[in-house]
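**Student:**
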Amino acid sequence: MRNKRGQAAMEFLMTYGWAILAAIIAIGVLAYFGVFSPGQYVGSSAVVTAPWYANAWNIDTTNVNLELQNNGGETLTIHDVSVDPSDGATGCTNTGLVGAVNSSGSQIVNVACAGMTSGSTFRGDITITYSRPSSGLNLTSTGSITDTVR
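Each number in the numbering used here comes from the position in the sequence shown (counting from 1) with 1399 added on.
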């Protein structure tokens, strides 16, 4: 009787061992083909704190382009827009026009970044330095941008 129990236990382990091995191989194949890459499922977004709003954005291999709308109720002057990439890209510098933006008006800003590859996901932090005409103080508005590099 003792040999029969040992044989049953060994058959149990072998059967489930092959099933577990097949599952591990299937997971490995799926991972190899990128099924578990979360970057391809991330939607594009650009969020900036008030009084600015990101109307549109585009990211290519050399630039991050933002269309910023002034929702402040008065003319605001943009002094600088910076994008700090959180993965891969380097040397992001503002190359776009900055200046006064009328209330409800918008301004397109170009920020040049190196090291981006087409098809990859870009994530970065946006910082806008601006001032109100009634004050000489520099104010900052922050946000984030996530999109696929085109």
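From the three backbone atoms N, C-alpha and C, an ideal C-beta is built for every residue, glycine too.
(1) Using 8 Å as the threshold, is the segment 1481-1495 in touch with the segment 1515-1533, meaning 3 or more CB pairs across them?
(2) What does Asp-1546 pair with, by DSSP beta-bridge criteria?
(3) Give me, in chain order, the residues of the same chain whose beta-carbon lies closer than 8 Å to that of Val-1447; leave out the 5 immediate sequence neighbours on both sides.
(4) Of the residues Ser-1502, Gly-1405 and Met-1515, which one's Cα is nearest the Cα of Asp-1459?
(5) Would you decide whether Leu-1429 is buried or exposed? Buried here means 16 or more other CB atoms lie within 10 Å of its CB.
(6) Find out if the Cβ-Cβ distance for the pair Ala-1455, Ile-1544 is shorter than 8 Å.
(7) Between Thr-1492 and Ser-1436, what straight-line distance do the alpha-carbon atoms span, to the nearest angstrom?
(8) With a threshold of 8 Å between beta carbons, is Thr-1448 in contact with chain C?
(9) Any idea if Asn-1469 is buried or exposed, counting beta-carbon neighbours within 10 angstroms, 16 or more meaning buried?
(10) Starting from Leu-1536, trace the beta strand (DSSP E) both ways and give me its first and last residue.
(11) I'd like to know whether the C-beta atoms of Ser-1505 and Gly-1472 end up nearer to each other than 8 Å.
**Tutor:** So, from the data block:
(1) Segments in contact, yes.
(2) Phe-1521
(3) Ala-1453, Leu-1467, Ile-1525, Ile-1527, Ser-1540, Thr-1541 and Gly-1542
(4) Met-1515
(5) Exposed, since its Cβ has fewer than 16 Cβ neighbours within 10 Å.
(6) no
(7) 29 Å
(8) The chain labelled as chain C is not found in the depicted structure, where only one protein chain is given.
(9) Asn-1469 comes out buried.
(10) Unbroken run through Leu-1536: none, as it is neither H nor E.
(11) no
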